[in-house]
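Trainee: Quick one: the structure is below, and I'll ask about it shortly.
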Amino acid sequence: MTAEPAPLVGLVATAIPVWTMLLIVATLLAWPMAYAEFASLLGSGMCLAAVIFLVELAGLAVRFRPTDREIQPDRPGRACGRVDELTGLANRHGFLDQATHAFADISGSCSVGDGGPERTRPGSSGYVSFVLLLIDIDRFNEINGSLGNEYGDRLLIEVSRRISVVRRPRDIVARIGGDEFVLLLHGIDAQRARTVAAETLARVRNALEVPFVLAGMRVPLEAKIGIAVAPEHGRDVGELLCNAAIALREAKKARAGYSMYDTRLVRPSPAQLRLRTELRAGLQGGQIELRYQPKADLRTGRVSGMEALVRWRHPTDGVRSPDIFLPDMEAAGLMPELTLLVLRMALSECARWRAAGAELSVSVNVPVSVIVDSTFAPVVHDALGAAGVPPAAFCVEITEDSVMTRREDAQRTLARLRALGVRVSLDDYGTGYCSLAYLRDLPADELKLDRVFLRDIEWDTSAAEIVRSAIALAHTLRLRMVAEGVETIRLWALLAAWGCDEAQGYFISRPMTGDEVLPWLGRWARHPRLFQEMIIMGGDMTVEVSRSCVRRESGAQVAAPARR
61 MTAEPAPLVG LVATAIPVWT MLLIVATLLA WPMAYAEFAS LLGSGMCLAA VIFLVELAGL
121 AVRFRPTDRE IQPDRPGRAC GRVDELTGLA NRHGFLDQAT HAFADISGSC SVGDGGPERT
181 RPGSSGYVSF VLLLIDIDRF NEINGSLGNE YGDRLLIEVS RRISVVRRPR DIVARIGGDE
241 FVLLLHGIDA QRARTVAAET LARVRNALEV PFVLAGMRVP LEAKIGIAVA PEHGRDVGEL
301 LCNAAIALRE AKKARAGYSM YDTRLVRPSP AQLRLRTELR AGLQGGQIEL RYQPKADLRT
361 GRVSGMEALV RWRHPTDGVR SPDIFLPDME AAGLMPELTL LVLRMALSEC ARWRAAGAEL
421 SVSVNVPVSV IVDSTFAPVV HDALGAAGVP PAAFCVEITE DSVMTRREDA QRTLARLRAL
481 GVRVSLDDYG TGYCSLAYLR DLPADELKLD RVFLRDIEWD TSAAEIVRSA IALAHTLRLR
541 MVAEGVETIR LWALLAAWGC DEAQGYFISR PMTGDEVLPW LGRWARHPRL FQEMIIMGGD
601 MTVEVSRSCV RRESGAQVAA PARR
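Take a look at the structure:
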């Protein structure tokens with residue numbers, strides 16, 4: 061293949077410096093002979109002007125000399141915006157273009173020639189299939205933010221190199237987003253598609269598991285991978301990529317390394333997409349608000365802290381409770397951003413209360429997607445320092461299920477938080493799957509007994525005994541017990557008599573805004589004798605509840621034979 065001739069403009073521009081240099085050389089050779097005549101005829105001033113003219117001419121020639129980029133023809137694809145400048149891989153447009161041609165080539169080859177109709181039937185022997193792996197790099201923004209863009213770019217280049225190594229010659233590798241890569245395998249027999257997908261997945265994960273060396277540090281990397289197989293999961297590249305993205309979201313949601321697309325996975329509806337767009341706007345537009353519910357000591361009535369409860373003030377629908385929008389926040393991958401925002405807002409309010417003389421702590425609920433992140437403890441440390449709140453005045457609340465999902469990662473984060481001086485509370489205790497053996501080793505300071513256990517304790521002996529046993533167990537493990545859902549004076553009195561440490565619920569107060577906390581504290585502190593009366597009442601109620609339960613059980617035993 062012969063090279064294309066350079067454009068005429070390029071030849072002329074290349075020739076200018078040659079003739080200029082010849083002129084300069086000839087002038088320098090003739091200069092000794094002509095100097096006297098130049099001096100006598102033109103004068104020294106004109107000689108200087110001639111020298112300046114030659115220098116300017118040489119500079120002009122240099123400026124007109126074409127660069128290598130101008131002389132060399134553009135690479136195919138790059139001029140059309142089909143190549144990622146950083147990695148040299150195809151970008152999203154380039155990938156879609158190449159993949160579309162690959163699909164078209166396969167369709168054409170399947171429709172003509174011997175055995176064409178047979179090869180077009182999925183599942184038939186020899187049918188050509190595609191496998192698409194959508195690869196997302198975990199915590200890339202964290203690495204990019206801490207080490208800088210230069211090292212972030214190096215990481216992306218190395219990731220692209222490792223993925224390219226595991227592909228076959230005809231496979232397509234592309235970088236379609238900031239930290240998203242795609243690997244399209246084609247020319248695969250349909251009956252082996254899932255096997256090839258599993259083998260390729262293992263090679264990609266093994267390639268990325270080797271730590272990257274950045275700034276002299278060994279940086280481990282994790283990736284989430286969504287997989288889709290054609291034609292089972294899509295008959296064109298757009299549908300295949302869309303379903304691989306759904307599988308990728310499922311992998312992130314389940315905290316798994318990968319996920320194969322399943323038709324049972326829920327595809328986001330237009331309403332859900334609109335809601336998630338509104339959620340992102342709410343996070344960035346100051347629509348997230350906090351309410352605070354107090355926790356009080358059952359023996360003295362002293363309010364020790366406030367739990368921060370998130371609300372979303374929708375621009376048209378008003379204030380929305382967390383039950384409505386938190387699942388979509390989690391599905392959209394926005395929980396880390398929301399948790400950081402709530403953390404900063406709550407600590408800011410806590411600092412204001414403490415500056416006013418109220419020695420309060422504040423608690424924030426942290427989801428599993430955040431508590432398993434190794435960077436969460438440093439984030440809390442920085443937020444405490446920025447707000448000027450001591451670590452002992454901050455409490456992280458987690459649920460049983462969250463610590464059981466990824467036990468080791470959660471336990472490491474909790475241990476780091478407690479090393480900072482932050483307190484840890486196990487929320488909704490009794491409703492999850494936390495074993496007693498794990499509870500013994502859990503880095504926690506308190507248990508929060510779920511409200512469901514308080515419903516029947518005034519008349520059901522079994523329910524009352526469960527609560528008393530849970531309180532005793534917490535104290536045996538040197539943990540404080542907080543009862544949630546205390547809504548009556550009778551529940552307060554009973555729990556105080558059984559040795560429960562703190563209570564939270566509507567009997568104390570409904571959730572309030574940060575500005576309402578200090579005035580409410582003043583009103584609450586005006587009733588010190590109330591708590592003494594409740595403690596006395598609790599002792600009497602314990603006896604009353606026990607007698608009532610005995611009467612109920614006796615009545616049930618007597619009535620039982622009559623029902624046979």
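Yeah, the sequence shown ends on 624 if you go by this note's numbering, and it's all consecutive. Backbone N, C-alpha and C define an ideal beta-carbon position, used for all residues, glycine too.
Name the two residues that bound the continuous beta strand (DSSP E) containing Asp383.
Mentor: Unbroken run through Asp383 is the alpha helix (DSSP H), 382-391; no beta strand (DSSP E).
Trainee: For the structure I just gave you, are there three or more beta carbon pairs, one from the stretch 266-283 and one from the stretch 247-254, closer than 8 Å?
Mentor: no
Trainee: Got a sec, what are the start and stop residues for the alpha helix (DSSP H) Thr473 sits in?
Mentor: 467-480
Trainee: For the pair the stretch 511-531 and the stretch 474-482, tell me if three or more CB-CB distances fall below 8 Å.
Mentor: no
Trainee: Using three-state DSSP, classify Phe454 as helix, strand or coil.
Mentor: strand
Trainee: Under 8 Å: do the stretch 573-583 and the stretch 403-422 share three or more Cβ pairs, one atom per stretch?
Mentor: Yes: at least three Cβ pairs fall under 8 Å.
Trainee: Mark Tyr318 as exposed unless 16 or more other C-beta atoms lie within 10 angstroms of its C-beta, in which case mark it buried.
Mentor: With 16 or more Cβ atoms within 10 Å of its Cβ, Tyr318 is classed as buried.
Trainee: Rounded to the nearest angstrom, how far is the Cβ of Ala443 from that of Leu403, given a contact under 8 Å?
Mentor: 5 Å
Trainee: Could you tell me the boundaries of the beta strand (DSSP E) in which Leu300 lies?
Mentor: Leu300: not part of any beta strand (DSSP E); member of the alpha helix (DSSP H) spanning 297-313, first to last residue.
Trainee: Which two residues bound the contiguous alpha helix (DSSP H) that contains His441?
Mentor: 436-447
Trainee: Going by beta-carbon coordinates alone, are Leu474 and Pro503 separated by less than 9 Å?
Mentor: Annotated as proximal: Leu474 and Pro503, with beta-carbon spacing under 9 Å.
Trainee: Could you round the C-beta distance between Ala543 and Ala563 to whole angstroms and report it? I think they count as a contact, below 8 Å.
Mentor: 5 Å
Trainee: Relative to the alpha-carbon of Asp377, which residue among Gly393, Arg309, Gln347 has its alpha-carbon at the smallest distance?
Mentor: Gln347
Trainee: In angstroms with no decimal places, state the Cα-to-Cα distance between Glu202 and Glu525.
Mentor: 48 Å
Trainee: So, are the CB atoms of Phe163 and Val297 less than 9 Å apart?
Mentor: Going by C-beta atoms, Phe163 is nearer than 9 Å to Val297.
Trainee: Which of the three DSSP states, helix, strand or coil, is assigned to Leu509?
Mentor: strand
Trainee: What residue does the beta strand (DSSP E) around Glu367 start on, and which one ends it?
Mentor: Its beta strand (DSSP E) spans residues 363-374.
Trainee: To the nearest angstrom, how far is it from the Cα of Trp552 to the Cα of Leu308?
Mentor: 48 Å
Trainee: With a CB to CB cut of under 6 Å and the five nearest residues on each side skipped, what residues in its chain are close to Ala316?
Mentor: none
Trainee: Measure from the alpha carbon of Leu192 to the alpha carbon of each residue in Leu507, His293, Arg142, Gly345, then state which is nearest.
Mentor: His293
Trainee: In whole angstroms, give me the CA-to-CA distance for Ala262 and Ser569.
Mentor: 54 Å
Trainee: Per DSSP, what kind of secondary structure is Arg235 in: helix, strand or coil?
Mentor: strand
Trainee: For Val432, is the classification buried or exposed, using 16 other Cβ atoms within 10 angstroms of its Cβ as the cut-off for buried?
Mentor: Buried: at least 16 other Cβ atoms inside 10 Å.
Trainee: Output the boundary residues of the alpha helix (DSSP H) element that contains Arg540.
Mentor: Premise fails: Arg540 lies in the beta strand (DSSP E), 540-544, not in any alpha helix (DSSP H).
Trainee: Give the single residue among Arg380, Ala415, Ser381, Phe436 whose Cα lies nearest to the Cα of Leu683.
Mentor: There is simply no residue 683 to check, as the chain begins at 61 and stops at 624 in what is shown.
Trainee: Check each candidate in Leu335, Arg500, Val546 and name the one with the smallest Cα separation from Ala392.
Mentor: Leu335
Trainee: If we count the other Cβ atoms within 10 Å of its Cβ and call it buried at 16 or more, is Gly119 buried or exposed?
Mentor: Its pLDDT being 49, under 50, Gly119 is placed unreliably by the model, and the measurement read from it follows with that caveat. Exposed, since its Cβ has fewer than 16 Cβ neighbours within 10 Å.
Trainee: If you reduce the DSSP assignment to three classes, tell me which class Pro271 lands in.
Mentor: coil
Trainee: Tell me whether Gln564 sits in a helix, a strand or coil according to DSSP, three-state version.
Mentor: strand
Trainee: Given a threshold of 16 other Cβ atoms within 10 Å of its Cβ, counted over all protein chains shown, does Leu477 qualify as buried or as exposed?
Mentor: buried
Trainee: Leaving out five residues on either side along the sequence, give the residues of the same chain with a beta carbon under 7 Å from the beta carbon of Ala305.
Mentor: Within the same chain, Ala305 has close Cβ partners Leu194, Gly286.
Trainee: How is Leu637 classed by DSSP in three states: helix, strand or coil?
Mentor: It is not possible to answer for residue 637, since the shown part of the chain is limited to 61 through 624.
Trainee: For a quick check, are the C-beta atoms of Leu555 and Val527 less than 9 Å apart?
Mentor: yes
Trainee: So, Ile223 versus Ala159, is the Cβ gap smaller than 9 Å?
Mentor: no
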